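*Asks:* Just passing along the structure, written as structure tokens.
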Amino acid sequence: SLYTVIFTIISNIVSSTLLLCIFCPLYTVGVALVGALAGGLGAGDAGPALIAALGALAALLFAAFYGLSLVVGGATYAALAYALQPFALEQRPFGEAIQRSFDMLGYRFGRNLLAFLLSSAVFGATAIAATVAVGVLLPLPLLLALGSDSLVAQGVSASAWTLGLMLVVPPLPIWMALWYRRNAALRDGVDLGEKIALAASADAIKETV
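If you're matching positions, the sequence shown starts at 24 in my numbering and goes up one per residue.
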């Protein structure tokens with residue numbers, strides 16, 4: 024729907040901005056380290072150990088940024104699955120469903136954001152493990168027997184990768200549906216409790232008057 028497209032665009036802009044804010048300082052630090060290395064080499068006081076340490080640091084920073092980008096991208100997908108729950112689980116008009124979606128996203132926003140990131144990390148690790156296990160280990164004997172150029176081996180490998188993705192994709196929307204139900208129950212329960220408290224206080228005021 025139009026809401027899905029708009030939400031996806033906005034969430035991608037936010038996540039890209041966040042990654043850019045993280046990448047720019049890392050890039051600046053990397054340039055500074057390269058400059059320090061060049062200056063040390065020019066002065067003749069830099070050895071192979073320094074070069075190896077800087078290379079390991081650069082590889083570590085790249086791996087950390089790549090992992091963070093995967094987690095943020097998965098969190099965007101988790102947030103989208105969570106935001107669409109009012110349309111899937113509740114019978115509301117379109118306008119009320121959009122309002123409900125924003126309300127539930129803002130309800131306990133910090134916990135929601137943490138849930139999105141953690142579920143994305145778990146989902147990413149599970150997806151990588153499952154796709155490698157199913158997509159590489161299963162067709163490996165056939166690839167060794169027929170060769171990587173065999174169309175049969177390539178077809179089996181592609182089918183195995185697809186099967187691996189099919190095994191790991193469904194859990195994330197299910198997690199978000201369960202998380203939405205929990206938050207909706209808590210929020211509606213709090214609202215009901217506040218209404219009961221207000222009604223009780225109004226009755227008490229009437230009795231005193």
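Backbone N, C-alpha and C define an ideal beta-carbon position, used for all residues, glycine too.
Quantities reported herein were computed from a predicted structural model and do not represent experimental measurements.
My understanding is that methionine 127 touches tyrosine 26, with C-beta atoms under 8 Å, so please give their C-beta distance in whole angstroms.
*Replies:* Not a contact, Cβ separation roughly 14 Å.
*Asks:* Is it right to say valine 175 is buried, meaning 16 or more other beta carbons lie within 10 angstroms of its own, or is it exposed?
*Replies:* exposed
*Asks:* Please return the same chain residues whose Cβ sits closer than 8 Å to the Cβ of proline 194, not counting the five positions on each side in sequence.
*Replies:* Phe146 and Thr149
*Asks:* Thinking valine 95 and leucine 167 are a contact (beta carbons under 8 Å), I'd like their distance in whole angstroms, please.
*Replies:* That pair is no contact at about 38 Å.
*Asks:* Using only CA atoms, which one of Gly212, Leu201 and Ser39 lies nearest to leucine 112?
*Replies:* Leu201
*Asks:* Give the straight-line distance between the Cα atoms of aspartate 211 and tryptophan 198, rounded to the nearest whole angstrom.
*Replies:* 20 Å
*Asks:* Please identify the residue among Ala106, Pro116 and Phe110 whose C-alpha is closest to the C-alpha of glycine 129.
*Replies:* It is Ala106 whose Cα lies nearest to the Cα of glycine 129.
*Asks:* Alanine 88 to phenylalanine 46, Cα distance in whole Å?
*Replies:* A small correction: the amino acid at residue 88 is phenylalanine; alanine does not occupy that position in the sequence shown. Going by the C-alpha atoms only, they are around 7 Å apart.
*Asks:* So the alpha helix (DSSP H) proline 193 belongs to, where does it begin and stop?
*Replies:* It is not in any alpha helix (DSSP H) - proline 193 carries neither H nor E in the DSSP assignment.
*Asks:* Between serine 142 and alanine 98, is the Cβ-Cβ spacing less than 9 Å?
*Replies:* Their beta carbons are under 9 Å apart, which means serine 142 touches alanine 98 by this criterion.
*Asks:* Does the Cβ of isoleucine 219 have 16 or more other Cβ atoms within 10 Å, making it buried, or fewer, making it exposed?
*Replies:* exposed
*Asks:* Taking the C-alpha atoms as reference points, what is the distance between leucine 84 and leucine 49?
*Replies:* C-alpha separation (whole angstroms): 8 Å.
*Asks:* Apply the 10 Å Cβ neighbour rule to proline 116 and answer buried if 16 or more other Cβ atoms are within range, or exposed otherwise.
*Replies:* Burial call: exposed.
*Asks:* List, from N- to C-terminal side, the alpha helix (DSSP H) runs of 4 residues or more that fit wholly inside the segment 86-152.
*Replies:* 108-112 and 117-129
*Asks:* If we ignore side chains and look at the alpha-carbon of each, how far apart do leucine 255 and alanine 153 end up?
*Replies:* With the chain covering 24 to 232 only, the question about residue 255 has no answer from this structure.
*Asks:* Helix, strand or coil: which one does DSSP assign to aspartate 172?
*Replies:* coil
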